[in-house]
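This report refers to the structure that appears directly beneath it.
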Amino acid sequence: MSERQVNTGADRLVRATATDGGIRCMAAVTTNLVAEAARRHETSPTVAAALGRTLTGALLLGSGLKELDRLTVQIVCDGAVGGITAEANALGGVRGYARVPEADVPLNEDGKFDVRGVVGGGMFYVTHESGYDIGLYKEPYRGSVPIVSGEIAEDFAYYLAKSEQIPSAVQLGVLVRARDEGGEWFVEAAGGLMIQVMPGADDRTVAAIEDAIRRTPHVTTLVRAGAQPVDLLRTALGGIEFEVLEEREVGFACSCSYERAVSMISSIERGELELILREDKGAAMTCHFCNETYRLDEAALENILVGSGT
Ligand code: ZN
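Okay, here's the thing in structure tokens:
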């Protein structure tokens, strides 16, 4: 967990393996971090579901990241949400945002929040980067597939199958519940699981897993009933033995800070900075990822100008 951890809820993730490495599987309970993202970005309930599924999927896909690695999932779409970005790090932190957090569409024909409707069509990108934060720049790896579903879990599965040649089962869910008649709502449960079939896994095992997943209740039903990540895996794997490689806390975490805001404003050209000081008497910067706003007052701007010389 990063020191920039914003939310210290009880969210957890497990990474496991089964059938002598033939199956890689991970599961997470993400109720708190999804609620935190929805609160920070003041999302509509439909966007809370779409963003929450993307954040959870990024954490699951990034669960094997090494120190200094990060993984970004970007949905570029023509639906009302306009796009969703989620970035997971190796410490179990994830951050993300929707381009139009207040976007909403009517409930779908099942009476559920219409994630597919708010996302629409477009492209699904996954970028792996390493060492970026300490200036060790390596060429990022980027894969992309068209959005095939818009429900997001299916898009993660399609990405894994097409771009990484890993047949996978993915479930992602966010359960949003009305608090009262007045339109107040909250995130009651969120989580997900990902089962990846490695090359060479035997067909009977794969068939057994497919069968178990078909019969497993939806992940939010289990989370709402108190299931932990390991319980999600046990249900999905339907009796197949698995070995937990790692269990960790996960949470919403952003790397922004007042110091970073100052350093970004310091890079503004001197003449323009003087104009901002004279006319606005201060500056404000809002982080896209977590919606935190940093305000620099007159004294802070004067400090930057003094520090920049001439
Ligand atoms: Zn931030």
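The opening residue of the sequence shown carries number 120 in the numbering used here; numbering runs sequentially from there. Note that CB positions come from ideal geometry on N, CA and C, so glycine has one too.
Exposure label - residue i; buried when at least 16 CB within 10 Å
| i | result |
| --- | --- |
| Thr127 | With a pLDDT of 47 at Thr127, under the threshold of 50, the modelled position of this residue cannot be trusted, and the question is left open. |
| Gln284 | exposed |
| Leu279 | buried |
| Glu155 | buried |
| Ser382 | exposed |
| Lys377 | As written in the sequence, residue 377 is Tyr, which differs from the Lys given in the question. It is exposed - the Cβ of Tyr377 has fewer than 16 other Cβ atoms within 10 Å. |
| Leu210 | buried |
| Arg131 | buried |
| Glu206 | buried |
| Arg323 | exposed |
| Leu294 | buried |
| Tyr413 | buried |
| Leu394 | exposed |
| Tyr260 | exposed |
| Pro220 | buried |
| Gly292 | buried |
| Thr340 | exposed |
| Arg296 | exposed |
| Arg172 | buried |
| Ala418 | exposed |
| Ala326 | exposed |
| Thr429 | Since pLDDT at Thr429 reaches only 48, below the 50 mark, its modelled position is unreliable, and no value is offered. |
| Gly181 | buried |
| Arg298 | exposed |
| Arg189 | buried |
| Ile423 | buried |
| Arg379 | exposed |
Span of the alpha helix (DSSP H) around residue i
| i | result |
| --- | --- |
| Asn422 | Glu417 to Gly426 |
| Glu273 | Ala272 to Ser282 |
| Leu180 | Pro164 to Leu180 |
| Asp322 | Asp322 to Arg334 |
| Ala199 | It is not in any alpha helix (DSSP H) - Ala199 carries neither H nor E in the DSSP assignment. |
| Ala380 | Tyr377 to Ser385 |
Contacting residues, own chain, Cβ-Cβ under 7 angstroms from residue i (five flanking each side not counted)
| i | result |
| --- | --- |
| Val235 | Position check: residue 235 holds Arg in this sequence, whereas Val was assumed. For Arg235, where only same-chain residues beyond five positions count, the Cβ hits under 7 angstroms are Ser268, Gly269 and Glu270. |
| Leu364 | Arg134, Ala135 and Thr136 |
| Glu300 | none |
| Arg214 | Glu206, Phe371, Ala372, Cys373, Phe408 and Cys409 |
| Ala168 | Phe232, Val234, Val293 and Val295 |
Cβ neighbours of residue i in the same chain (closer than 6 angstroms, five flanking residues each side left out)
| i | result |
| --- | --- |
| Glu122 | Summary for Glu122: the model assigns pLDDT 39, below 50, so the residue's position carries little reliability; its value from the coordinates is reported in the next sentence. Cβ neighbours of Glu122 beyond the five flanking positions: none. |
| Gly310 | Ala147, Val148, Thr149, Val338 and Val342 |
| Val289 | Ala272, Phe275, Ala276 and Met313 |
| Gly262 | Val245 and Ser282 |
| Gly240 | Asp197 and Ile266 |
| Gln124 | At Gln124 the pLDDT is 44, less than 50, meaning the model places this residue with poor confidence; the figure from the coordinates comes in the next sentence. Excluding sequence neighbours, Gln124 sits near Gly370 and Ala372. |
Contact set for residue i: own chain, Cβ-Cβ below 8 angstroms, skip 5 residues either direction
| i | result |
| --- | --- |
| Asp416 | Lys400 and Gly401 |
| Leu257 | At residue 257 the sequence reads Lys, which differs from the Leu that was named. Closer than 8 angstroms at the Cβ level, and outside the excluded window around Lys257, lie Glu248, Ser249 and Gly250. |
| Glu421 | Leu396 |
| Asp233 | Thr165, Val224, Pro225, Leu226 and Asn227 |
| Glu362 | Ala135, Thr136 and Ala137 |
| Asp439 | Past the edges of the chain, shown from 120 to 429, lies residue 439, and the structure says nothing about it. |
| Glu411 | Arg159, Cys373, Cys375 and Thr405 |
| Gly426 | Ser385 |
| Glu329 | Ala288 |
| Arg334 | Gly357 |
Unbroken beta strand (DSSP E) run spanning residue i, endpoints
| i | result |
| --- | --- |
| Leu294 | Ser287 to Ala297 |
| Gly311 | Trp304 to Val316 |
| Ala346 | Careful: Ala346 lies outside any beta strand (DSSP E) and carries neither H nor E. |
| His160 | No beta strand (DSSP E) holds His160; the alpha helix (DSSP H) holding it covers Thr150 to His160. |
| Ala207 | Ile203 to Asn208 |
| Asp130 | Counting along the chain, Asp130 falls outside any beta strand (DSSP E), and DSSP gives it neither H nor E. |
| Arg389 | Unbroken run through Arg389 is the alpha helix (DSSP H), Arg389 to Asp399; no beta strand (DSSP E). |
| Gly140 | No beta strand (DSSP E) holds Gly140; DSSP gives it neither H nor E. |
| Gly212 | Gly212 to Ala217 |
| Gly262 | Tyr260 to Pro265 |
| Val245 | Gly241 to Ser249 |
| Val238 | Taken as a continuous stretch (DSSP letters only), Val238 belongs to no beta strand (DSSP E), being part of the alpha helix (DSSP H) at Val234 to Val238. |
| Phe408 | Note, Phe408: premise wrong, no beta strand (DSSP E); not H, not E. |
| Leu364 | Phe361 to Glu368 |
Cβ-heavy atom distance, residue i to ligand 3, below 7 angstroms
| i | result |
| --- | --- |
| Gly201 | Of the ligands one can find in the structure shown, namely ligand 1, none is ligand 3. |
is_contact[residue i, chain C] using C-beta, thresh 8 angstroms
| i | result |
| --- | --- |
| Val148 | Judged by its chain identifiers, the structure shown contains no chain C, having just a single protein chain. |
Handout entry: Inter-stretch contact (C-beta, 8 angstroms, three-pair minimum) for the segment 382–389 and the segment 344–357
Key = Touching, no.
Exercise for the section: Considering only heavy atoms of ligand 1, list every residue whose Cβ is less than 6 angstroms from one of them, following chain order. Expected result: Cys373, Cys375, Cys406, Phe408, Cys409 and Glu411
Exercise for the section: Report yes or no: do three or more beta-carbon pairs, one from the segment 174–189 and one from the segment 226–233, lie closer than 8 angstroms? Expected result: no
Practice task
Say whether the segment 235–244 touches the segment 191–200, bearing in mind that this needs 3 or more beta-carbon pairs closer than 8 angstroms, one atom from each stretch.
Solution key: The segment 235–244 vs the segment 191–200: in contact.
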